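Contents: one structure, followed by commentary.
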Amino acid sequence: MIEYKLTGDDRYCPDCNTKYKVVTKERVKRLKFIPARFEVVEEVIFVYSCPKCGAMKRPEKAPSLLKESAATPSLVAGIMNAKYVNGMPLARQEREFARYDLNLSTKTMANWIIQCADRYLQPLYDLMKEELLRSNYLHGDETRMQVIDEPDQKGSTQNWMWVYLTDEYSGSPRMVLFQYERTRAGYHPAEFLGDQFEGSFTCDGYQAYHNLPERITVTGYMAHARRRFDEALTALKKDFTKEQLKETTAYQALARIGMLYKIEEMIRDKTPEERYEERQKQAKPLLEAFFAWLHTLEDSVDRSSLIGEAVLHTLNQKVYLRRYLEDGHLSIDNLAAERPLKNFATGRRNWLFAKSIRGAQASATVYSITETAMLNGLKPYNYLTYVMEQMKDLGPFPEKEAMLELLPWSASLPAECHSKLKK
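Start counting the sequence shown at 1; every next residue gets the next number (the UniProt record's numbering).
Written out as structure tokens, the structure reads:
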């Protein structure tokens, strides 16, 4: 803090020579940037010997994060946060560390991430999965990811990152889980969900999701249909005026879908029961009219055109697109799943690929932890640091109850883990 006070003769009024009194303090705050700095913490263990019998004794020291390693929770958390939250590849981090005269190789950092993800974060991931499968409302999606050292595959082969998360209206803790798989095969979602999950699963029209067991009700999402009409409209913009665009099927379809979203905005903060009632009263007639209108077009549109594909796809998915009307816990779209995948895609554009299967699995684990932390209003770096500190001290076989208190929605987390900024 810098204080500006009158000194010397300036403290006295020039007219009457009376000493000024402080009547108020004007405060101005400025933000200062302090670059990252590193500290070496040296641990000195005193070893004792009995001078009479020679018996040796040494005090217990705090457990290390990784055996015979200089890694600390704060350092590994910083590396994870830079890569998985801010999309900074390890090679770029290596160069940045070198600017601070710290020699930390990409290989070393990758090994630290893999070991810490497996030892300290995977147990929390497993508990999160248990909780996720207890929910009755989930979302799912998938995106490409390349792993260089996948055995028996060409270097150009695409692998996949699948994502599963709870619905914001479900009443379950907010969480997102990433799962690395070698392929996009249809059995992966069923394998992940196992025999435990029973409820509604919101997803796009990919056939893998529609092969889920009958106990799972597949629900479509409107954003996927809307995107197809938007692509059709975008393709027309170079040849049509604004007024002409308003007469197109794509524009009118988007206007109809937009009315459904306006209803969702109005009922967002209502209870599931109230959302159900309002959807039945307001949204259902609009959606049925929309489908009826599309049916009048299906024989006249060019099926190979963008608008033809949009019309036919939407009609093909109408059974699934209707289902959000039947339950106020369901969302109209799957944007909740697309947001974490966008964060993943942003990082992927920078780090491009994973070198190994273990690296891909570690990435899935860390992304799950950081994205869930942010969904619950936590600071990813602070949370990662805290979790690894606590898990390190809990030892190799931590009690389940102790780990439950470390989950991102736990009320036991310290204040420094929570973000003060509103979302």
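Using N, Cα and C, we set each Cβ at its ideal position, and we do this for glycine too. Computed from a predicted structure; not experimentally measured.
Using three-state DSSP, classify residue i as helix, strand or coil.
i      : result
Thr166 : strand
Gln179 : strand
Arg159 : The sequence given here has Asn at residue 159, not Arg. The answer is strand: DSSP assigns Asn159 an E or B state.
Thr202 : strand
Thr219 : strand
Ala62  : coil
Ala55  : coil
Tyr261 : helix
His418 : strand
Lys19  : strand
Tyr324 : helix
Tyr48  : strand
Tyr276 : helix
Ala411 : coil
Exposed or buried, residue i, counting other C-beta atoms within 10 Å across all chains shown (16 or more means buried)?
i           : result
residue 424 : One cannot answer for residue 424 here, as it falls past the ends of the chain, which runs 1 to 423.
Ile34       : exposed
Pro151      : exposed
His295      : exposed
Pro380      : buried
Asp393      : exposed
Ile2        : exposed
Gly359      : buried
Comparing C-alpha positions only, which one of the options sits nearest to residue i?
i      : options                        : result
Ser368 : Met128, Arg58, Leu6, Glu142    : Met128
Met391 : Ala117, Arg30, Ala70, Phe290   : Ala117
Ile216 : Pro408, Ala208, Tyr206, Glu198 : Glu198
Ala110 : Tyr84, Leu132, Leu245, Glu131  : Tyr84
Gln282 : Thr219, Leu260, Phe97          : Leu260
Thr346 : Asp393, Asn86, Leu177          : Asn86
Pro189 : Asp15, Pro173, Leu165, Ser172  : Leu165
Gly220 : Asn350, Ser412, Asn334         : Asn334
Tyr209 : His139, Arg99, Ala415          : His139
Ala354 : Val41, Thr7, Gln158, Ala82     : Gln158
Glu337 : Val76, Glu142, Cys53           : The sequence shown places Ala at residue 337, rather than the Glu named in the question. Nearest option by C-alpha distance: Glu142.
Who are the Cβ neighbours of residue i in its own chain at under 8 Å, not counting the five residues just before and after it?
i      : result
Arg58  : Ile45, Phe46, Val47, Tyr48
Glu278 : Ile263, Met266, Ile267, Lys270
Gly308 : Val301, Asp302
Leu233 : Leu245, Thr248, Ala250, Tyr251, Leu254
List the endpoints of the continuous beta strand (DSSP E) containing residue i.
i      : result
Arg144 : 137–145
Determine the extent of the alpha helix (DSSP H) in which residue i is found, giving its start and end residues.
i      : result
Thr370 : 357–375
Ser74  : 73–80
Pro189 : 187–193
Asn111 : 106–116
Lys238 : From DSSP, Lys238 is part of no alpha helix (DSSP H); its letter is neither H nor E.
Gln282 : Neither: Gln282 is in no alpha helix (DSSP H) and is coded neither H nor E.
Pro380 : 380–394
Asn103 : It is not in any alpha helix (DSSP H) - Asn103 carries neither H nor E in the DSSP assignment.
Trp351 : 335–351
Leu133 : 122–134
Val311 : 306–316
Tell me which same chain residues have a C-beta within less than 7 Å of the C-beta of residue i, skipping the five on either side of it?
i      : result
Ser331 : Asp167, Glu168, Tyr169, Thr202, Tyr324
Lys19  : Arg11, Tyr12
Return yes when the C-beta of residue i is under 7 Å from any heavy atom of the ligand PLP, and no when it is not.
i     : result
Phe46 : In the structure shown, the ligand PLP is absent, as is every other ligand, since no ligand is present at all.
Which residues in the same chain have their Cβ closer than 6 Å to the Cβ of residue i, if we skip the five residues on either side of it in sequence?
i      : result
Tyr386 : Cys417
Ala253 : Phe229
Ala373 : Pro380, Tyr383, Pro408
Phe290 : Arg256
Chain C beta carbons: is any one of them nearer than 8 Å to that of residue i?
i      : result
Asn382 : The structure shown has no chain C; it contains just one protein chain.
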